[in-house]
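In my numbering, the protein residues as written are 2 to 94.
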């Protein structure tokens, strides 16, 4: 266990739930399986830092995709008549 983690777990943490190294490793493995860049990696041995970095990159790309789709939807709504726009709005709710 790292000295930082052992110190923080000894300090009490204000009642926060303590997490073990095994739980962290399990969560990192699950996270790795969710990431397209790492899901089919040749080696299951990927550093924690790499998993976290790829997670950040993936979340950023998802945000960009949401922004792009929102912009495209706004453009579509601006060019459709009111009855079509009402149908699209009802599908989104």
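Backbone N, C-alpha and C define an ideal beta-carbon position, used for all residues, glycine too. Since the model is a prediction, treat every value here as computed from it, not as a measurement.
Option nearest residue i by Cα separation, candidates the options
i, options, result
"residue 52", "23, 93 and 37", "37"
"residue 29", "19, 21, 49 and 17", "49"
Neighbour-count burial assignment, residue i, 16 or more Cβ in a 10 Å radius
i, result
"residue 34", "exposed"
Beta-carbon proximity list for residue i, same chain, < 8 Å, skipping 5 on both sides
i, result
"residue 39", "33, 47, 51, 52 and 55"
"residue 42", "33"
Same chain only: Cβ atoms within 6 Å of residue i, ignoring 5 sequence neighbours per side
i, result
"residue 86", "78"
Quiz item: Hey, which unbroken runs of the alpha helix (DSSP H) at 4 residues or more fall wholly within the region 21–88?
Solution: For the alpha helix (DSSP H) assignment, the uninterrupted runs of no fewer than 4 residues enclosed by the region 21–88 are, from N- to C-terminal side, 22–35, 37–40 and 49–80.
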